[in-house]
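There are 2 protein chains.
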Amino acid sequence: MKKSSLYKGCLEPILLRLLKDNGRMYGYQMTQMVKEITKGELNITEGALYPLLHKLEEQGVVETETEMNGNRMRKYYSLTKAGKKQTALAMDEMKAFMQSLEFIVNPKPVVG
Amino acid sequence: MKKSSLYKGCLEPILLRLLKDNGRMYGYQMTQMVKEITKGELNITEGALYPLLHKLEEQGVVETETEMNGNRMRKYYSLTKAGKKQTALAMDEMKAFMQSLEFIVNPKPVVG
DNA sequence: TTTTATGCATAATTTTCTTATGTATACAAA
DNA sequence: TTTGTATACATAAGAAAATTATGCATAAAA
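Residue numbers (our numbering), protein chains in the order written: chain A, 24 to 135; chain B, 24 to 135.
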């Protein structure tokens with residue numbers, strides 16, 4: 024099993040969290056920030072990132088502004104009002120998920 | 024996004040952990056234990072469980088003993104020696120994964 | 001001038017799961 | 001008595017979510 028396969032299914036809430044914390048980000052920036060935060064453990068691939076961002080835009084979760092940085096384009100994403108609501112829900116789910124994982128990976132001994 | 028999609032990619036290490044803690048288990052028992060531990064949050068489907076157990080057996084990670092309980096069959100799984108090694112590695116990866124998730128979902132404020 | 005980094009995008013494929021279906025035993029409820 | 005629920009296995013078809021590969025383009029470093 025590939026190490027990073029653990030992250031399968033977590034990409035969307037991770038991106039939502041990044042946008043919630045940082046307000047406005049472009050795709051490449053997200054990949055770099057996650058790489059830094061996870062000390063190189065999670066490298067978001069473009070093939071996963073961009074289609075997901077496009078889907079979130081279609082769903083009205085994020086909105087975009089395209090800007091030029093020198094001669095290079097950057098497409099900035101930020102949460103919509105609906106997106107902020109959805110992010111709050113997603114964070115609750117993440118908490119529950121992480122707690123369940125804790126229970127499984129670090130089970131409390133049954134005190135007899 | 025479906026709630027349980029967060030668990031994508033985590034099933035294998037979860038099963039390894041169960042076997043590490045409980046020594047010898049049959050498939051249905053695993054589903055029930057996980058359901059209990061996660062307070063109903065994670066319901067492992069048979070379509071995910073059994074093919075994965077079969078794969079682990081092929082790979083020599085687990086070995087099986089089939090027993091009759093009354094008139095009903097139970098196929099007990101336990102970790103092989105190689106499986107125990109792999110489980111140790113998988114648990115290390117899980118720890119790193121969970122810590123990274125913590126960093127993302129609960130970022131430490133930068134103290135200026 | 002060739003590699004590495006930045007920055008976007010998409011198609012083909014693979015991995016991993018859900019849903020649906022099948023077989024069979026046991027027990028409780030209607 | 002037959003209908004639903006629980007136990008217990010198994011597999012096939014399909015969907016979801018990623019990886020890998022490819023493409024375009026600018027910029028800087030080796």
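Ideal Cβ placement from N, Cα and C applies to all residues, glycine included.
Note that this is a predicted model, so its numbers are computed, not measured.
Buried/exposed call for residue i, threshold 16 Cβ in 10 Å
i: Leu112 (chain A); result: exposed
i: Pro130 (chain A); result: exposed
i: Gln82 (chain B); result: exposed
i: Arg40 (chain B); result: buried
i: Gln109 (chain B); result: buried
i: Asp115 (chain A); result: exposed
i: Pro74 (chain A); result: exposed
i: Gly106 (chain B); result: buried
Through-space distance from residue j to residue i, alpha-carbon basis
i: Lys118 (chain B); j: Lys118 (chain A); result: 16 Å
i: Val134 (chain B); j: Val57 (chain A); result: 20 Å
i: Thr61 (chain A); j: Thr87 (chain A); result: 26 Å
i: Met91 (chain A); j: Gln122 (chain B); result: 36 Å
i: Asn66 (chain A); j: Tyr51 (chain A); result: 11 Å
i: Gly32 (chain B); j: Leu79 (chain B); result: 15 Å
i: Gly70 (chain B); j: Asn94 (chain A); result: 51 Å
i: Arg47 (chain B); j: Leu34 (chain B); result: 17 Å
i: Met24 (chain A); j: Tyr100 (chain B); result: Low per-residue confidence applies at Met24 (chain A): pLDDT is 44, beneath 50, and the placement is therefore not dependable, though the value from the model is reported in the following sentence. Looking at the two C-alpha atoms, the distance is approximately 19 Å.
i: Pro132 (chain A); j: Asp44 (chain B); result: 11 Å
i: Val128 (chain A); j: Thr54 (chain B); result: 16 Å
i: Gly63 (chain A); j: Leu38 (chain A); result: 16 Å
i: Phe126 (chain A); j: Thr68 (chain A); result: 30 Å
i: Tyr30 (chain B); j: Arg97 (chain A); result: 32 Å
i: Phe120 (chain A); j: Ser28 (chain B); result: 10 Å
i: Leu102 (chain B); j: Leu124 (chain A); result: 21 Å
i: Leu42 (chain A); j: Pro36 (chain A); result: 10 Å
i: His77 (chain B); j: Glu59 (chain B); result: 24 Å
i: Tyr49 (chain B); j: Lys104 (chain B); result: 18 Å
i: Val85 (chain A); j: Leu72 (chain B); result: 36 Å
Beta strand (DSSP E) segment containing residue i, residue limits
i: Tyr99 (chain A); result: Arg95 to Leu102
i: Thr87 (chain B); result: Val85 to Asn92
Span of the alpha helix (DSSP H) around residue i
i: Asn66 (chain B); result: Here Asn66 (chain B) belongs to no alpha helix (DSSP H), and DSSP marks it neither H nor E.
i: Thr136 (chain A); result: With chain A covering only 24 through 135, there is no way to say anything about residue 136 (chain A).
i: Lys43 (chain A); result: Leu34 to Asn45
Beta-ladder partner(s) of residue i, from DSSP
i: Tyr73 (chain B); result: The partner list for Tyr73 (chain B) (beta bridge, DSSP) is empty, contrary to what the question assumes.
Proximity test, residue i beta-carbon vs the ligand ATP heavy atom, cut-off 7 Å
i: Ile127 (chain A); result: Because no ligand of any kind appears in the structure shown, any question about the ligand ATP cannot be addressed here.
* Output, in sequence order along the chain, the residues in the stretch 61-80 of chain B whose CB is closer than 8 Å to any CB in chain A. => Thr61, Lys62, Glu64 and Leu65
* Using a Cβ cut-off of 8 Å, which residues of the stretch 32-56 of chain A contact any Cβ in chain B, in chain order? -> Gly32, Cys33, Glu35, Pro36, Ile37, Arg40, Leu41 and Asp44
* **Interface residues of the stretch 93-107 of chain A facing chain B [CB-CB below 7 Å]** => none
* To do: Note down, in chain order, all residues in the stretch 117-131 of chain B with a beta-carbon under 8 Å from any beta-carbon belonging to chain A.
  => Contacts with chain A (Cβ-Cβ distance below 8 Å) from the stretch 117-131 of chain B involve Met117, Lys118, Ala119, Phe120, Met121, Ser123, Leu124, Glu125, Phe126, Ile127, Val128 and Pro130, listed in chain order.
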